[in-house]
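Residue 991 in our numbering is what sits at position 17 of the sequence shown, and the numbering runs on without skipping anything.
Using N, Cα and C, we set each Cβ at its ideal position, and we do this for glycine too.
Treat the numbers as computed from the prediction; the structure is a model and nothing was measured.
As structure tokens, the structure follows; a few thoughts come after it.
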Amino acid sequence: MNSRRSGRYETDDEIPVIELSRIIELFEGRRPKDKILIDPHKILKDKGLKEVHLFLLNELQRTYKANNIEINDKHFEVIIRKMTGKIKIKDAGDTMFLMGEITERRKFLEENAVVSLEGGKEAVGQPVLLGITKAALSANSWISAASFQETTKILTEAAIEGDVDHLKGLKENVIMGRLIPAGTGHEKYKDTFVKDDFHTGKDKTGTL
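Below, the structure written as structure tokens:
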């Protein structure tokens, strides 16, 4: 039962206290101040992308579960994928990239595929771990970036530079009220129609 003492209510219920500093540290991709804690950047460098994905997922789940908070893995996985979706160019080869440039993984693979078909030298890159703030602000879509932080600055720069947003990602398409490039929203499926057996008068076996 609640008891009133010094103008405050006291209960026997345990109130969860999330390790906020640790959560921020993980989501922002910061190197831990406590030397006892493992550095995710070192895991990425030594063991690769898959291992750092697992580490971040397990650390986030551990922190929340310690406070009796259950969150499905898929929500963390979406964020982690965004945090590790960039490549830092180590050797540009015959591609259009510049040394030290940070680009999207998809763009990196596409450019290398084109150069490879032409018989050129492919670029060499290394995955980088970005915090969610930096990852969002470094999005190729200025519409997506402006919806997160520093809206005025991003919109002003886009206007001055005459940037064009080609609406390739999910967020910018949602903002503009367009179909998202996923599932039947993909360009290759836009003229595809799904046959509905119910309207053709057939059951699952194909008979009337």
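Give me the Cα-Cα distance between residue 1145 and residue 1118, rounded to the nearest whole angstrom. If I take the Cα positions, the gap works out to 6 Å.
From residue 1136 to residue 1128, what does the alpha carbon distance come to, in whole angstroms? So the two alpha carbons sit approximately 12 Å from each other.
Go through its chain and collect everything with a Cβ distance to residue 1054's Cβ below 7 Å, but skip five positions before and after it. Cβ within range, chain order: 1027, 1030 and 1031.
Collapsed DSSP secondary structure at residue 1078 in the structure displayed: Looking at residue 1078 - three-state DSSP - the assignment turns out to be strand.
Determine which residues share a DSSP beta bridge with residue 1099 and list them. Its beta-bridge partners are 1063.
Exposed unless 16 or more other CB atoms sit within 10 angstroms - verdict on residue 1061: Result: buried.
Alpha carbon of residue 1072 to alpha carbon of residue 1066, nearest angstrom: Their backbone Cα atoms lie some 6 Å apart in a straight line.
Less than 8 Å between the CB atoms is what I'm expecting for residue 1078 and residue 1114, so what's the real figure, rounded? That belief holds up - the Cβ atoms of residue 1078 and residue 1114 are roughly 6 Å apart, short of 8 Å.
Should residue 1156 be flagged as near chain B, meaning a C-beta pair shorter than 8 Å? Annotation note: the requested chain B is absent from the structure, which comprises a single protein chain.
According to the neighbour-count rule (16 or more other Cβ atoms, all chains shown, within 10 Å of its Cβ), is residue 1152 buried or exposed? The residue in question, residue 1152, is exposed, as its Cβ has fewer than 16 Cβ neighbours within 10 Å.
Return the first residue and the last residue of the alpha helix (DSSP H) that residue 1025 is part of. Element bounds for residue 1025: 1023 to 1039.
Please confirm whether residue 1097 and residue 1063 have their CB atoms less than 8 Å apart. Against a cut-off of 8 Å, the Cβ pair of residue 1063 and residue 1097 comes out as a contact.
How many Å lie between residue 1105 and residue 1016 at the Cα? Each residue's alpha carbon lies about 15 Å from the other.
Rounded straight-line distance, which links the Cα of residue 1057 to that of residue 1121: Taking the straight line joining both Cα atoms gives about 17 Å.
Rounded to whole angstroms, what's the CA-CA distance from residue 1086 to residue 1043? Just pull it up for me. Using only the alpha carbons, I get a separation of about 43 Å.
Of the listed residues 1025, 1149, 1033 and 1023, nearest to residue 1000 (C-alpha basis): Among 1025, 1149, 1033 and 1023, the Cα nearest to that of residue 1000 belongs to 1033.
From this set, 1108, 1052, 1048 and 1133, which residue's C-alpha is nearest residue 1123's C-alpha? Looking only at 1108, 1052, 1048 and 1133, the smallest Cα-Cα distance to residue 1123 is reached by 1108.
Beta-carbon gap between residue 1003 and residue 1091 smaller than 8 Å: Taking 8 Å as the cut-off, the beta carbon of residue 1003 is found no closer than this to the beta carbon of residue 1091.
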